[in-house]
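Undergrad: In order, the protein sequences belong to chains A, B, C and D. Sequential numbering of the first sequence, starting at 22, is according to our numbering. Sequential numbering of the second sequence, starting at -3, is according to our numbering. Sequential numbering of the third sequence, starting at -3, is according to our numbering. Sequential numbering of the fourth sequence, starting at 61, is according to our numbering.
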Amino acid sequence: MDISSVDTSATLGSSALHRVHPVAKLIAFVLALAGVVASSNVLVLAAVALALAAVVVAMRLPLRQVFGLAAYPALFAALFAFAASAGPITAAVLMLKAVTAALTALTLMFTTPYPYVFAPLQRVLPSLVGDALLMTYRSFFLLLEKLQRVTRAARLRAGLVGRQPIRSARAATLALGTTMLYAFDMSERTYDVMTLRGYEQRLHVSMPASVSRSADVLTVAAGGALFATCLAWQLAAPVLVSLAWIPAAAATGLLVAVIIVRRLS
Amino acid sequence: MTDRTYPAAGHDHAHTEGCETVVRVSCVRHAYEDGTNVDLCGLEFTADRGSRVAILGPNGAGKSTMLFHILGLLSPQEGEVRVFGEAPSRDWPKIRRRIGVVLQNVDEQLLAPTVFDDVAFSPRQYGVPEAEVREMVARALGLLSIEQLAARVPHNLSGGEKRKVALAGALVMEPELLVLDEPFEGLDPKSREGLIALLGRLSAERGVTMIMSTHDIDSVPEFADYAYVLAPGGHIVLKGTPAEVFARADIMLAGNIRPPVLAELFAALRASDPDAPETALTIPEAVAALGEWRSS
Amino acid sequence: MTDRTYPAAGHDHAHTEGCETVVRVSCVRHAYEDGTNVDLCGLEFTADRGSRVAILGPNGAGKSTMLFHILGLLSPQEGEVRVFGEAPSRDWPKIRRRIGVVLQNVDEQLLAPTVFDDVAFSPRQYGVPEAEVREMVARALGLLSIEQLAARVPHNLSGGEKRKVALAGALVMEPELLVLDEPFEGLDPKSREGLIALLGRLSAERGVTMIMSTHDIDSVPEFADYAYVLAPGGHIVLKGTPAEVFARADIMLAGNIRPPVLAELFAALRASDPDAPETALTIPEAVAALGEWRSS
Amino acid sequence: MTHLHIPDGVLPLWLVLASWLVTLSAVGLAGHFGGRRDVRRKVPLLGAIAALMLVSMSSEVVPIAYHVNLTVLSGVLLGPWLSIIAAFIVNVVLALVGHGGVTVIGLNTLMIASEMLLGWALFKGLDALFRHRRSAAVAGVATVLALAITTTLLVGIVALSGSAATGRESGAFDPRAGRFGALLSGGVVGNSLLNPETAEEPLPQLSVRRFATMVYTLGSIGWVLEGFITAAIIGFVSRVRPGMVRGRRPEVRLVGDEGVSH
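1) Give the residues from the stretch 149 to 179 of chain A that approach chain D closer than 9 Å (Cβ to any Cβ), ordered along the chain.
2) Tell me, please, whether the stretch 199 to 219 of chain D touches the stretch 286 to 298 of chain D by the rule of three or more beta-carbon pairs shorter than 8 Å.
3) Between the Cα of residue 207 (chain D) and the Cα atoms of D:171, D:116 and D:107, which residue gives the shortest distance?
4) Cβ of residue 271 (chain D) less than 9 Å from any chain C Cβ?
5) Roughly how many angstroms separate the alpha carbons of residue 96 (chain B) and residue 111 (chain D), rounded to a whole number?
6) Looking at residue 25 (chain A): is its Cβ nearer than 9 Å to the Cβ of residue 162 (chain A)?
7) Find out if the Cβ-Cβ distance for the pair residue 98 (chain C), residue 137 (chain C) is shorter than 9 Å.
8) Return the chain-ordered ranges of every alpha helix (DSSP H) run that is complete within the stretch 119 to 145 of chain C and spans a minimum of 4 residues.
9) Contact defined as beta carbons within less than 8 Å: I believe residue 191 (chain C) pairs with residue 179 (chain C). What is the distance between those atoms, to the nearest angstrom?
10) Does the Cβ-Cβ distance between residue 145 (chain B) and residue 153 (chain B) come in under 9 Å?
11) Distance check for residue 67 (chain A) and residue 41 (chain C), CA to CA, integer angstroms please.
12) What residue from B:164, B:212, B:167 and B:72 has the CA that sits closest to residue 181 (chain B)'s CA?
13) Return the residue from the list D:119, D:91 and D:118 that minimises the CA-CA distance to residue 106 (chain D).
14) Check the C-beta distance from residue 219 (chain B) over to residue 48 (chain B) and give it rounded, since I have them as a contact under 8 Å.
15) In or out: residue 254 (chain D) buried (at least 16 other Cβ within 10 Å) or exposed?
16) Should residue 60 (chain C) be flagged as near chain A, meaning a C-beta pair shorter than 9 Å?
17) Is it the case that the stretch 102 to 117 of chain B contacts the stretch 232 to 241 of chain A, given that we only count it when at least three CB pairs across the two stretches are under 8 Å?
18) Counting only runs of 3+ residues fully inside the stretch 147 to 224 of chain B, write out the beta strand (DSSP E) ranges in chain order.
19) Could you pull out every residue in the same chain whose Cβ sits closer than 6 Å to the Cβ of residue 150 (chain B), ignoring the five residues on either side in sequence?
20) For chain C, is any of its Cβ atoms less than 9 Å away from the one on residue 111 (chain A)?
21) Would you identify the three-state DSSP class for residue 51 (chain C), choosing helix, strand or coil?
22) Mind listing which residues of the stretch 221 to 236 of chain A have their C-beta closer than 7 Å to chain B's C-betas, in chain order?
23) With a threshold of 16 other CB atoms inside 10 Å of the CB of residue 283 (chain C), please say whether the residue is buried or exposed.
24) Thinking C-beta only, is residue 76 (chain B) closer than 9 Å to residue 25 (chain B)?
25) In chain order, what are the residue ranges of uninterrupted alpha helix (DSSP H) at least 4 long that sit wholly in the stretch 95 to 145 of chain A?
26) Please state whether DSSP places residue 203 (chain D) in a helix, a strand or coil.
27) Specify, as a first and last residue, the run of the beta strand (DSSP E) that residue 22 (chain B) falls within.
28) What residue range does the alpha helix (DSSP H) around residue 61 (chain C) cover?
29) I'd like to know whether the C-beta of residue 152 (chain B) is nearer than 9 Å to at least one C-beta of chain A.
30) Closer than 8 Å, Cβ to Cβ, to anything on chain D: give me those residues from the stretch 24 to 58 of chain A, in chain order.
31) Looking at chain B, is there any beta carbon in it that lies within less than 9 Å of the beta carbon of residue 260 (chain C)?
32) Spell out a yes or no on whether the stretch 82 to 94 of chain B and the stretch 252 to 271 of chain B are touching, meaning 3 or more CB-CB pairs, one atom from each, closer than 8 Å.
33) List the endpoints of the continuous alpha helix (DSSP H) containing residue 56 (chain A).
34) Would you check if the stretch 216 to 230 of chain B and the stretch 48 to 59 of chain B touch, i.e. whether three or more CB-CB distances between them fall below 8 Å?
35) Taking DSSP as the reference, what is the three-state secondary structure of residue 157 (chain A)?
36) Would residue 143 (chain A) pass as a contact of residue 224 (chain A) if the rule is Cβ separation under 9 Å?
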């Protein structure tokens, strides 16, 4: 799990999707996710996954990281499928659902700095929970860096000895313990700073202004289209099942086109 | 230096009243649980309105303990601390709007998820209307010339940028007192010069009082009007203008504190030749003093 | 300086072979993810056996990048790094026993719950028998005169004490190469002098090679035989003995690097009086040179 | 692996909804009771410990692709109310990077929170029983027990959801019958590729035994590893900062660069 690469892409990237207003992306994300959860047609799910893959490629997001993270839940879905002795198609549906749902979340997270994703959530949560959510993300990077530095020092002091898993684990545990002490001290220092800077109510995140209204509308519409497709095949399955190849083929075509355009440009 | 304390209420940003004492630390003792004792005693510590005061001393001498007492994060077991006439450990909320702070670990002081929101943190907590907040933030970012960072996330800024953001967050309320712990740490030479100039302007034009701890002793004459020297254990061994303080290289060395190179040089010269000139603290002054000494 | 590289295997602590090159960094370029480029180019960097080499430069000039390449923590995208004839980023396990390291933030390098265990960390990781470990630790603690700290918890020590413990941990394996990032940071003058003396002894008596990065330019002549100066961006602009390097105050200023105060003083003196003496880099030398100049 | 990152679309709707309901009420209560006083201290503490859990999850401790979760350790440090909040926060962040589904944040939160709460209770009880003399060993035992119990809880939930656990569409519209599927019975499976008449798969039945065998074998390795690591860290911390594991305010705090404490 690599939260930093997600964050680097979100905060330093500059694709067209990066410039869409966060709220528009959030709405599109919820719509697409609802569609994925509702759908049970393997070809429709594949269509959604391919369409999202086309977006990822078109926006030049880091492919290895996005697809690596998206593939991870397939492991757990496979576990469930195995336990249920599901047939190949049911197993495929289970895994595709898990992967496609993850892909919707990742497309959002790779293009939107976290404060804007968490802010709407923070506003409806109790202040302790919402502020701690934002604080967690801030702290994550400080602690990750600390752990990396401590581990690096351990490595230089022969902490991670090749072919000595027990000694390496011992060193890694000490590094984790040191990081934990730091986390504790850091929270105390943060408390001091909050006192000094007058923390009394909740944290506040100001949303950026919209760059292009039409891009925002287009994004929501795309999310809506994915949702509508999933829903249509669910509600009118007897009629549409035999036509499920259409969205799948369309999405494949889109992905191929995007790849060609990217290669050429 | 008068004994008048600053009236607690109704400050009006009029900075012309001469030398009010904004901060006073009188012989505070602090015993830490592990047995370490810090005795901020010896000479009294005071900071007058509009002055830039440096607290010098080696690591472990009690510089941070002193700052923490001034900020009310520690409360004195003995002795007295007064900031704007109040006891900060008890009445911090009364005076906090008038004080901007940047501590050492700047990373951990950026509380909000974006630079803009972080600089806006204090005014929003104090209930300043949003339109005004935006103006204040723009002004603070402008002072440090970091407007272009507004939308950035703090964790991928460089160390120097983080320090500037923290400073903007401290300046946003236009404080009358700035407390800075090692303010020049991690800045490249150019940013360092810029910051020294900015602090000089704030003190000269707006009468902002500054208390800065530092171990960068050589550059104290560039950025401080007044200096206190702590010896290990917290004892205040010297106070005065940088020139006065550094003329006593002997006391500093005795207290295991390294004096600036020029101060050490002149002290050594005087030891070898009683006619050697008084300590000069900048290169041009030193050249002039040595030239005169040669031709005398 | 010969081009001979040190044989990779079978070192025998015989340090009499003259000037073998222990470390060589040839025009390494490093592009960081955020777009920063560090070009350790210009002049080649080498460190000979038994020499104490200082890497100087302002914050952000690439001192740490250089050290990280030497320690194999970064691998060169272009150019070549050789330590004991090996590429450290690839063959670190082959050479790590011969290298002791103390990085800047000592807090992050103290891993164990007591000072004793911390110093014993490396030998234990290498599987050295416990009886021998005890002897090695006692020796290392003795070198730094911190035997009395053995049972303490490292996290509760002062900054200076922590640095000494980290050094003991780096010296415990009796390394042939010591890499120290800002080794004097946080030390009071007395400890600083002690450390400089210890490092001098290690280099003179045991032929330990040392690479030290520092921004404490004034004291370089006291602890280094050789110095490299990096300008921002990593360009190596000067190399030579401290006297050679600091005679070029002009190049340093052009590279946004502050020369030592004494170098600047003597340059200014010479500018005002052509008879002024050559740059002296330590206080006693300076006193002597100035005395002579006066009586001439 | 000590807990499963349950993905989206695997569990029946009723289970998903019910767990959201329980989780949101628990988080609401925790936000209320946990934030009654001293919020200023709790926000950074929660942030630090939740972040520490995420950091530990994102780094390999033993070079065998196993990551720790530090749930029990965090439970001990945070106490019950803050544990619930930390579990929720951790799962929100995890879900957004694809580790565990977004719709099942509720259920995943309940799993992690119960691990933290159980770990906290077991550690506190056993540690008092042994008069704080065996803190490290106690932490190890508490960890293994807590993880074993919560794994059983997971198996129980899966058993409870029965065949519906794989008939994902429970409660969804069944186009062939023209009605909505029953919430508590087997759902609709419309996985047929092209033709609904020919390519029908039989309704899959989840084998609780098979599921249990898998999670217990895979899981028990994880419990023991996590137990050892938790024990080691608690041992380390109780030597360096005894107050931290006893739930007192840390009496030692670094002030700036001075290495002194108060």
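Where is the CB? At the ideal position from N, CA and C, for every residue including glycine.
TA: Taking the geometry as given:
1) 149, 150, 151, 152, 153, 154, 155, 156, 157, 158, 159, 160, 161, 162, 163, 164, 165, 167, 168, 169 and 172
2) yes
3) D:171
4) no
5) Rounded to the nearest angstrom, the two C-alpha atoms are 28 Å apart.
6) Contact flag set, yes.
7) no
8) 126 to 139
9) 7 Å
10) yes
11) 56 Å
12) B:212
13) D:91
14) 6 Å
15) Reliability of the predicted coordinates at residue 254 (chain D) is poor, the pLDDT of 39 falling under 50, and no value is obtained from them.
16) no
17) Flag = no, the stretch 232 to 241 of chain A and the stretch 102 to 117 of chain B do not touch.
18) Unbroken beta strand (DSSP E) stretches of 3 residues or longer found wholly inside the stretch 147 to 224 of chain B: 173 to 177 and 205 to 210, given in chain order.
19) 106
20) no
21) Strand, per DSSP.
22) 221, 222, 224, 225, 226, 227 and 229
23) Buried, since its Cβ has 16 or more Cβ neighbours within 10 Å.
24) no
25) 109 to 130 and 135 to 145
26) helix
27) 17 to 27 is the extent of the beta strand (DSSP E) around residue 22 (chain B).
28) 59 to 66
29) yes
30) 24, 27, 54, 57 and 58
31) yes
32) no
33) 43 to 59
34) yes
35) helix
36) yes
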